[in-house]
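K.L.:
FYI, the numbering for the sequence shown is 1279 to 1541, going by this note's numbering. A virtual CB, placed ideally from N, CA and C, is assigned to each residue, including glycine. Encoded as structure tokens, here's the structure I'll be asking about.
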Amino acid sequence: MGVLHDFERRLEGAVEGFFARAFRSGLQPVELAKALQRYAEDNQHVTADGVVVPNVYRIHVSERDHDRLSSFGASLPRELAEVVVRTSTDRGWSLRGPVKVRIEVGDDVRFGMYDLAGRVEVVDPAVRPGGRLRGGSRNPAPPTPAPPSTEAGFDQTQVVSSVPRATLHLRIANGPGKGTTVPLTGQRVTLGRMASCHVTLDDSTVSREHAALVRRGETWWVVDLNSTNGTSVNGVQAAEQPVAPGDRIELGDAVVELLGGPA
1279 MGVLHDFERR
1289 LEGAVEGFFA
1299 RAFRSGLQPV
1309 ELAKALQRYA
1319 EDNQHVTADG
1329 VVVPNVYRIH
1339 VSERDHDRLS
1349 SFGASLPREL
1359 AEVVVRTSTD
1369 RGWSLRGPVK
1379 VRIEVGDDVR
1389 FGMYDLAGRV
1399 EVVDPAVRPG
1409 GRLRGGSRNP
1419 APPTPAPPST
1429 EAGFDQTQVV
1439 SSVPRATLHL
1449 RIANGPGKGT
1459 TVPLTGQRVT
1469 LGRMASCHVT
1479 LDDSTVSREH
1489 AALVRRGETW
1499 WVVDLNSTNG
1509 TSVNGVQAAE
1519 QPVAPGDRIE
1529 LGDAVVELLG
1539 GPA
């Protein structure tokens, strides 16, 4: 809830007394922030570089709600974009370009409701765009293609989040696959027994999706994913903690080492 709390606090500072005066009914700004978080979560794309989420969003609202929301000027879409950036950082998602949010009047949108659509906007055409979410529903329609945006209005609300390059590697230190080295790329690397994990550990003591390495700023963290036998760093049990080159990460009986520099 920290991201949403900060979001509301910054908006209150942008328009003094506005919440108490104008937001007793109708669409609430925090509803839009939550909707963006849900939409990103429901429209993840797994790539070789990690989990990518949409970075360009368009929100249609009723004319009455738009009149009220417009009192924030550029602050609201800018803060909504920041919610996407911070949520992506917290959850280890990758953004392939600036986060852009635009709020417009929708002719068929009722008061207190919204219509949200988003997409991944990148130079690489291989990344497919996201789907559509109506009125807060958790069941968006299948993704549909959308052309890159050329609208100047987005430029006023963009927040840039870069995708880091790999400078660290993981090496399997024991068991099946011993000696295998995997680069840490993107924002999230999963480890477990499933073949779909970035690092597959064929060991009965390892859970199907045991743990993840998540990049937060310039630091990688190991996060246990509710595994059966737990995750330890250098012999100390760790539900979530930062790691550095030289650290040994134990997942059940399997061990991986974090290495610095090229493999």
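In the DSSP assignment, the beta strand (DSSP E) including proline 1461 goes from what residue to what residue?
P.N.:
Looking at the DSSP string, the run of the beta strand (DSSP E) that includes proline 1461 is 1459-1461.
K.L.:
Let me confirm a value: asparagine 1504 is counted as buried when at least 16 other C-beta atoms fall within 10 Å, else exposed. Which label applies?
P.N.:
Flag for asparagine 1504 reads exposed.
K.L.:
Alpha carbon to alpha carbon, how far is arginine 1236 from alanine 1352?
P.N.:
Look at the range of the chain in this structure, 1279 to 1541, and you will see that residue 1236 is not part of it.
K.L.:
Please return the same chain residues whose Cβ sits closer than 7 Å to the Cβ of glutamate 1341, not counting the five positions on each side in sequence.
P.N.:
Only Val1383 meet the Cβ criterion.
K.L.:
Put asparagine 1417 into one of helix, strand or coil per three-state DSSP.
P.N.:
Interpretation of asparagine 1417 is limited by its pLDDT of 41, a score under 50 that renders its predicted location unreliable; the figure taken from the coordinates is listed afterwards. It is coil, neither helix nor strand.
K.L.:
For leucine 1469, which beta-bridge partners are listed by DSSP?
P.N.:
According to DSSP, which records beta bridges pairwise, leucine 1469 is partnered with Val1477, Ala1489.
K.L.:
Does the distance from the C-beta atom of valine 1229 to that of valine 1339 stay below 7 Å?
P.N.:
Only positions 1279 to 1541 of the chain appear in the structure, and residue 1229 is not among them; the question remains open.
K.L.:
For phenylalanine 1522, count neighbouring Cβ atoms within 10 angstroms of its own Cβ and tell me buried if that reaches 16, exposed if not.
P.N.:
One detail in the question is off: residue 1522 reads as alanine in this sequence, not phenylalanine. That one is exposed.
K.L.:
Just to confirm the assignment, what range does the beta strand (DSSP E) spanning arginine 1449 have?
P.N.:
Where arginine 1449 is concerned, the enclosing beta strand (DSSP E) stretches over 1446-1450.
K.L.:
Please classify proline 1332 as buried or exposed, where buried requires at least 16 neighbouring CB atoms within 10 angstroms.
P.N.:
Label assigned to proline 1332: buried.
K.L.:
Is glutamine 1465 buried or exposed, if buried means 16 or more other CB atoms sit within 10 Å of its CB?
P.N.:
Result: buried.
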